[in-house]
Amino acid sequence: MYTLSSRLKLTAIIFMIVGAIGLVYAFMAAPDTIEDVKEMLADDSHQDSEEDAVLENDIHLANPEHVEGDHLIAEENEGAGAHAEDAAHDNEHYEHLLHQLQNKPWAAVYVAAFFFFMIALGTLAFYAIQQAAQAGWSPVLFRVMDGITAYLLPGSIIMFILLALSGMHLNHLFIWMDPEVVAHDELIQNKTAYLNVPFLLIRAAIYIAGWNIFRYLMRRNSLRLDEATDDRLHKTNFKLAAGFLVFFLISESMMSWDWIMSIDPHWFSTLFGWYVFSSMIVSAVTMIALVTIYLKSRGYLEYVNDSHIHDLAKFMFGFSIFWTYLWFSQFMLIWYSNIPEEVTYFITRIEDYTLPFFGMVVMNFVFPVLLLMNSDYKRLNLFVIMAGIIILCGHYLDIFVMIMPSAVGESWFIGIPEISALLMFTGLFVFIVFSGLTKAPLLPKRNPFIKESKHFHY
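Mind the numbering: the sequence shown is residues 962 to 1419 in the numbering used here, read in order.
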């Protein structure tokens, strides 16, 4: 039986507290009115003008006649531009910027909440795949998967609350929830039968109920199997897993449309559900590997050997290639067809999010290939841990790039809101997962394949 160490528990609590304090500050620092936005821009402009004045003075000393002529031209141009400005257009621009800046802490929370939620959901899907496939190598890892999926219920409830708060117009993450926007947007009007708040929440409730009921039944049957005298509950779990995978493939695709793709309701991709799934499953397998290595280092999971780690690393490598295939397929087809309604999605990300957009490709493809291509490296904990940390950071950026451009536009920055949300949810995830691991023995004793799993060697 695993015992949660006081050091890990304290670290998780500190992360949650520090993250919560940072988020409170981020929400308080967000502008409330258009005047606040103008004041913020004025402060930035004042700082920029001071820097420009210093630079201009240096140039003036070097070439006074040339600078004087430039000043006259610049003043004439500024005067002409000032007369051409439209006050109504300016106010509209400031209001749009206000919504983006107000969205920033909300979007940071949304990205972090979804990231850890998808790890728990992906782990549940991977667990179901192992059960349905009657895998013989993985039963010694089942309780690790059980522990990670303990976060599914609180994680999915948090996501539902965030969706409900968006529906109450406490933020502007989903522009199709704004009646004023819909009134002037014919494209969104044509989607209102599907994109409306009550139906969104009903669908979300169905997804969440289905996932969590399956998790509860699988967990209950697994624990009861330890004390059973036959394999009836194992066969029940096999049937449950097979049925769940059908429900999961449908609900995960629809969830990705509802919770992520609809943030930009003018754009769609038929590959999007699979793309989100690939990010979800590779992050889940990576987390299973990292938790397993940690527990093994603490003296637990005595039957886990290098071959189990090797197989987890193979899945990390394989699913990273799968993610890259889907990323490139989606990108290449949309870019090559060059249809304005579709290509604008990538133009925005390439122009305004260049570093995270291409950085995540390097982190999610190049590094896993370099670190995990060699079969021997898959057996070395150091290489698996390095690859795992890079993969998780890369897929956080993936979710970041999916959500932020539509939510905050060019006003993005990985600052206090993003770091605070990541800290808070990391602490919450670690606390719930490792607390869950303490509630049952780490070895499922009566699983029919447990002997094969104990002696698994690749």
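All C-beta atoms in this analysis are idealised placements derived from N, C-alpha and C, irrespective of residue type, glycine included.
The C-beta separation of K1415 from V1101 comes to about 6 Å, placing the pair in contact by the 8 Å criterion.
Assignment of D1272 by DSSP, reduced to helix, strand and coil, places it in the helix class.
In the structure shown, the three-state DSSP call for T1110 is helix. Inter-residue distance for L1343 and L1331 is about 14 Å (C-alpha atoms, whole angstroms). With a 10 Å radius around the Cβ and a threshold of 16 neighbouring Cβ atoms, F1280 comes out buried.
Within the same chain, and ignoring the five residues on either side of M1241 in sequence, the residues whose Cβ sits closer than 6 Å to its Cβ are M1079 and G1083. Under the DSSP assignment, H1418 falls outside any alpha helix (DSSP H); it carries neither an H nor an E label.
Here G1349 is buried: its Cβ has 16 or more other Cβ atoms, across all protein chains shown, within 10 Å. By the 16-neighbour rule on beta-carbons within 10 angstroms, H1195 is buried. Here S1336 has H1271 as same chain residues with Cβ atoms under 8 Å from its own Cβ, once five neighbours each way along the sequence are excluded.
DSSP places K1152 outside both helix and strand once states are collapsed to three, so it counts as coil.
Put simply, of Y1071, W1218 and S1367 the residue whose alpha carbon is nearest the alpha carbon of A1125 is Y1071.
Relative to L1113, the option among F1175, L1131 and A1069 whose CA is nearest is F1175.
Residue burial is scored here from C-beta neighbours: G1388 has at least 16 other C-beta atoms within 10 angstroms and is therefore classed as buried.
Proximity of the stretch 1240–1255 to the stretch 1115–1135 falls short of the contact definition, fewer than three beta-carbon pairs being nearer than 8 Å.
Pairing S1244 with D1313, the inter-Cα distance amounts to about 26 Å. Here F1076 carries a helix assignment [DSSP, helix/strand/coil]. By a beta-carbon distance limit of 8 Å, A973 contacts F1392. Their separation comes to about 4 Å. Within the same chain, and ignoring the five residues on either side of F1283 in sequence, the residues whose Cβ sits closer than 6 Å to its Cβ are S1239. Here the alpha carbon of S1290 sits roughly 10 Å from the alpha carbon of Y1236.
Within the model, the alpha-carbon separation for W1218 versus F1233 is close to 7 Å.
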